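Structure, as structure tokens:
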Amino acid sequence: MSSIAVIDYGMGNLHSVAKALNRVTDMRIEVTSDAELILRADRVVLPGVGAMRDCMGEIKRLGLDSVIHEVVKSKPFLGVCVGMQALMDFSEENEGTQCLGIIPGTVQPFARNLADPLTNQKLKVPHMGWNQVYQLIKHPLWKDIPQDSRFYFVHSYYVQPATPDPVAASTAYGHPFASALARDNVFAVQFHPEKSQQTGLTLYHNFVNWNGESP
Amino acid sequence: MGLAKRIIPCLDVDKGRVVKGVKFVNIRDAGDPVEIAKRYDAEGADELTFLDITASSDNRETMVHVVEEVAGQVFIPLTVGGGIRELSDIRRMLNAGADKVAINTAAVSRPEFVKEAAERFGSQCIVVAIDAKLVSKEGEPRKWEIFTHGGRKATGLDAVEWAKRMVEYGAGEILLTSMDRDGTKIGFDIELTRAICDAVSVPVIASGGVGNLDHLVEGIVKGHADAVLAASIFHFAQYSIAQAKRCMAEKGIEVRL
Numbered sequence: 001m002s003s004i005a006v007i008d009y010g011m012g013n014l015h016s017v018a019k020a021l022n023r024v025t026d027m028r029i030e031v032t033s034d035a036e037l038i039l040r041a042d043r044v045v046l047p048g049v050g051a052m053r054d055c056m057g058e059i060k061r062l063g064l065d066s067v068i069h070e071v072v073k074s075k076p077f078l079g080v081c082v083g084m085q086a087l088m089d090f091s092e093e094n095e096g097t098q099c100l101g102i103i104p105g106t107v108q109p110f111a112r113n114l115a116d117p118l119t120n121q122k123l124k125v126p127h128m129g130w131n132q133v134y135q136l137i138k139h140p141l142w143k144d145i146p147q148d149s150r151f152y153f154v155h156s157y158y159v160q161p162a163t164p165d166p167v168a169a170s171t172a173y174g175h176p177f178a179s180a181l182a183r184d185n186v187f188a189v190q191f192h193p194e195k196s197q198q199t200g201l202t203l204y205h206n207f208v209n210w211n212g213e214s215p
Numbered sequence: 216m217g218l219a220k221r222i223i224p225c226l227d228v229d230k231g232r233v234v235k236g237v238k239f240v241n242i243r244d245a246g247d248p249v250e251i252a253k254r255y256d257a258e259g260a261d262e263l264t265f266l267d268i269t270a271s272s273d274n275r276e277t278m279v280h281v282v283e284e285v286a287g288q289v290f291i292p293l294t295v296g297g298g299i300r301e302l303s304d305i306r307r308m309l310n311a312g313a314d315k316v317a318i319n320t321a322a323v324s325r326p327e328f329v330k331e332a333a334e335r336f337g338s339q340c341i342v343v344a345i346d347a348k349l350v351s352k353e354g355e356p357r358k359w360e361i362f363t364h365g366g367r368k369a370t371g372l373d374a375v376e377w378a379k380r381m382v383e384y385g386a387g388e389i390l391l392t393s394m395d396r397d398g399t400k401i402g403f404d405i406e407l408t409r410a411i412c413d414a415v416s417v418p419v420i421a422s423g424g425v426g427n428l429d430h431l432v433e434g435i436v437k438g439h440a441d442a443v444l445a446a447s448i449f450h451f452a453q454y455s456i457a458q459a460k461r462c463m464a465e466k467g468i469e470v471r472l
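Quick mapping for you: the protein sequence lines, in order, are chains A and B.
Going by this note's numbering, the first sequence opens with residue 1, and the numbers climb by one from there.
Going by this note's numbering, the second sequence opens with residue 216, and the numbers climb by one from there.
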């Protein structure tokens, strides 16, 4: 029977990711930090909330960095929130943190004086709540998800890929930022599909049915 | 188009049941938390907040089970408050499926707790709940003070200054309740809401006093709140969440429909 590994590195609300996956599939879901189990799984989710320094620290301490580098070569892989940010080269969080370097680019903070360009109204940070996701590419993970659907976000940093080609969706908060990335068998989202009600469950459903091929 | 303003129904939980009191007395039973949570989710609630109103250790155990059960069926953000005093309380609630915890009394008794919690779990899951009461006399400049123990115990802390300090310490969100308005159904304390919302850089949830849908609109338009929280208008099916959202959308407020 096929299985999904949800990488557990001691950070964040892994259980809600597992619960959402449970809702959309009968596949076995392993919430684990065991390298063997992760390497053996058919697909892998890297979730995460919290500070980047702690996240990367735990990933390295558990020896999961090399495991992640291995699985992103071939398995359908989904990064969520900090799990998306960790794929980049470097994050400015915590006075600068080296990340996994899987997708070229950096992680930047929202500016302190962030404002809505139309109304000039000051915007709060963290960017928290339901915002619209504008799909820039066709992708199996967007199946049955209408353009501009709302997903739940909570973050103070956002990814800035070195080139625009991996950007799969854009969201506006003061300015547009990359809210989803796609490259080959890797997909990553800044929002929390596990907290985005039916739309989020649809994305997980698409992920568990994805063969890892990009259009 | 952009980030939507949020509507958050609040479930006050006592011994595994949802209850609602007026000014923390006259507790009325409003039903089973899991059933109510599912109904609100289906109606389009943007998040749910569970408050353990007795904050006793027995109740905490019950609350963990409630959160576990809700988290397996409802896929929107869940906040749990009441009796969060230790880092281990936060860990347990997050493991049960909560996304955020609301810290109230423990922040007042030891502000450093908020710092430790934010460092350990990240600001995104630390909500500081503030219960404020107007203490200035008529004609004086408005001043609100922080109260604990359900509004019975004064602390001498200025509400605006306290909110700013909590954000500095790592609070990712402020849940602001006017103790003068809570349960009265006469609307938010708009001046208080605006004073706090304009003073801090993080999102603020306005609470206390909602009696009709226009009150929700006022909290956002006049109070500058990022989210509005209400209990009794939803529990007793006076209004549905969907109705509230339509009303807000008609007034030009961006909501998730």
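Idealized CB from N, CA, C, for every residue including glycine.
As the structure is a computational prediction, the values presented were derived from the model and not from experiment.
### Task
Please list, in chain order, all residues of the same chain as B:Lys238 whose beta carbon is under 7 Å from its beta carbon, the five residues on each side excluded.
The predicted position of B:Lys238 is uncertain, since its pLDDT is 48 and thus under 50; no value can be drawn from it.
### Task
Pick out the complete alpha helix (DSSP H) segments inside the segment 394–454 of chain B, 4 residues or longer, and give them in chain order.
Whole alpha helix (DSSP H) segments, 4+ residues: 405–414, 428–436 and 447–450.
### Query
Which term fits B:Pro224, buried or exposed, when burial requires 16 or more other beta carbons within 10 angstroms of its beta carbon?
Buried, because 16 or more other Cβ atoms sit within 10 Å of the Cβ of B:Pro224.
#### Entry: Nearest-angstrom beta carbon gap, A:Ile38 and A:Val44 [assumed within contact, 8 Å]
Approximately 6 Å separates the beta-carbon atoms of A:Val44 and A:Ile38; this is inside 8 Å, confirming the contact.
### Message
Tell me the residue span of the beta strand (DSSP E) that contains A:Ser149.
### Response
For A:Ser149, the uninterrupted beta strand (DSSP E) segment begins and ends at Ser149 to His155.
### Query
The beta strand (DSSP E) with B:Leu263 in it runs from where to where?
Counting along the chain, B:Leu263 sits inside the beta strand (DSSP E) bounded by residues Leu263 to Asp267.
### Task
Show which residues of chain B have a CB atom less than 9 Å away from the CB atom of A:Pro126.
Residues of chain B passing the Cβ test: Ser338, Gln339, Gly387, Glu388, Val417 and Pro418.
### Message
Using a Cβ-Cβ cutoff of 7 Å, what residues of the segment 45–59 of chain A are near chain B? List them in chain order.
### Response
Against chain B - using a Cβ distance shorter than 7 Å - the residues of the segment 45–59 of chain A are Val49, Gly50 and Ala51.
### Query
From this set, B:Val342, B:Met463, B:Glu355 and B:Phe362, which residue's C-alpha is nearest B:Val419's C-alpha?
Answer by Cα proximity: B:Val342.
### Message
Against B:Gly438, what residues of chain A qualify as contacts under a CB-to-CB distance less than 8 Å, listed in chain order?
### Response
By Cβ distance, chain A contributes nothing, its closest Cβ being about 14 Å from B:Gly438, past 8 Å.
### Near-chain B residues of the segment 164–182 of chain A (beta-carbon distance less than 7 Å), N- to C-terminal order
Of all residues in the segment 164–182 of chain A, Ala172 and Tyr173 have a Cβ within less than 7 Å of some Cβ in chain B.
### Message
Looking at the strands, I want to know which residues DSSP matches up with B:Trp377.
### Response
Paired residue(s): none; B:Trp377 is not in a bridge.
### Query
Mind checking A:Asn235: buried by the 16 CB within 10 Å criterion, or exposed?
Not covered by the structure: residue 235 of chain A. The range shown for chain A is 1 to 215.
### Message
Only counting the same chain, and skipping five residues up and downstream in sequence, which positions put a Cβ closer than 8 Å to that of B:Ala333?
### Response
The answer, listed in chain order, is Ile341, Tyr384, Gly385, Ala386 and Gly387.
### Message
Under 8 Å, Cβ to Cβ, is there at least one residue of chain A near B:Ile291?
### Response
When Cβ-Cβ separations below 8 Å define contact, B:Ile291 makes contact with chain A.
### Query
Contact check, B:Ile299 vs B:Ile268 under 8 Å by CB: the rounded distance?
Their Cβ separation, rounded to whole angstroms, is 13 Å, which puts B:Ile299 and B:Ile268 out of contact at 8 Å.
### Task
In angstroms with no decimal places, state the Cα-to-Cα distance between A:Leu118 and B:Glu406.
Going from the Cα of A:Leu118 to the Cα of B:Glu406 covers about 26 Å.
### Task
Determine the DSSP secondary structure at A:Glu58, reduced to helix, strand or coil.
Note: A:Glu58 maps to helix in three-state DSSP.
### Query
Is the segment 406–415 of chain B touching the segment 363–373 of chain B, taking contact as three or more C-beta pairs under 8 Å?
No, because fewer than three Cβ pairs between the segment 406–415 of chain B and the segment 363–373 of chain B fall closer than 8 Å, the two stretches do not touch.
### Message
Under 8 Å, Cβ to Cβ, is there at least one residue of chain A near B:Leu226?
### Response
For B:Leu226, the answer is no, since every Cβ of chain A falls outside 8 Å of its Cβ.
#### Entry: Below-8 Å beta-carbon distance, A:Asn94 vs any chain B residue
With its beta carbon at least 8 Å from every one in chain B, A:Asn94 lies outside the interface.
### Task
Measure the C-alpha to C-alpha separation of B:Leu226 and A:Ser66 and round it to an integer number of angstroms.
Rounded to the nearest whole angstrom, the C-alpha separation of B:Leu226 and A:Ser66 is 44 Å.
### Message
Could you check whether the Cβ of A:Leu78 sits closer than 8 Å to any Cβ belonging to chain B?
### Response
No, no contact with chain B.
### Query
Could you check where the alpha helix (DSSP H) with A:Tyr9 kicks off and where it finishes?
Run containing A:Tyr9: none; DSSP gives neither H nor E here.
### Cutoff 7 Å; reference B:Lys379; Cβ partners in own chain excluding five residues on either side
Excluding its 5 nearest sequence neighbours in each direction, B:Lys379 has C-beta neighbours in its own chain below 7 Å: Ala414 and Val415, listed in chain order.
### Task
Take every Cβ of the segment 138–151 of chain A, pair it with every Cβ of the segment 89–103 of chain A, and state whether three or more of those distances are shorter than 8 Å.
No, the segment 138–151 of chain A does not touch the segment 89–103 of chain A.
### Three-way DSSP call (helix, strand, coil) for B:Ile476 in this model
In the structure as shown, chain B starts at 216 and stops at 472, and residue 476 of chain B therefore has no counterpart that could be examined.
### Message
Buried or exposed, going by whether 16 or more other CB atoms sit within 10 Å of the CB of B:Leu390?
### Response
Its Cβ being crowded by 16 or more others within 10 Å, B:Leu390 is buried.
### Task
Would you be able to state if there are at least three C-beta pairs under 8 Å between the segment 50–62 of chain A and the segment 9–24 of chain A?
As far as the Cβ criterion goes, the segment 9–24 of chain A touches the segment 50–62 of chain A, which means the pair count is three or higher.
### Selection of the segment 188–211 of chain A by Cβ proximity to chain B, strictly under 9 Å
Within the segment 188–211 of chain A, contact with chain B at the beta-carbon level (separation under 9 Å) is assigned to His192, Pro193, Glu194, Lys195, Ser196, Gln197, Gln198, Gly200 and Leu201.
### Message
Distance check for B:Lys348 and A:Asp26, CA to CA, integer angstroms please.
### Response
If you take the alpha carbons of A:Asp26 and B:Lys348, they lie about 51 Å apart.
### Query
Would you call B:Gln288 buried or exposed, if buried means 16 or more other Cβ atoms sit within 10 Å of its Cβ?
Of the residues assessed, B:Gln288 falls on the exposed side of the cut-off, its CB having fewer than 16 other CB atoms within 10 angstroms.
### Task
Taking only the alpha-carbon atoms, compute the straight-line gap between A:Cys55 and B:Ser351 and give it to the nearest angstrom.
One Cα belongs to A:Cys55, the other to B:Ser351, and the distance between them is close to 46 Å.
### Message
Tell me the DSSP secondary structure of A:Ser91 in three-state form.
### Response
Strand, per DSSP.
### Query
Which stretch, first to last residue, makes up the beta strand (DSSP E) that contains A:Leu46?
Looking at the DSSP string, the run of the beta strand (DSSP E) that includes A:Leu46 is Arg43 to Leu46.
### Task
Could you name the residues of the same chain whose beta carbon sits closer than 8 Å to that of A:Asn113, not counting the 5 residues immediately before and after it, in chain order?
Correct list, in chain order: Lys122.
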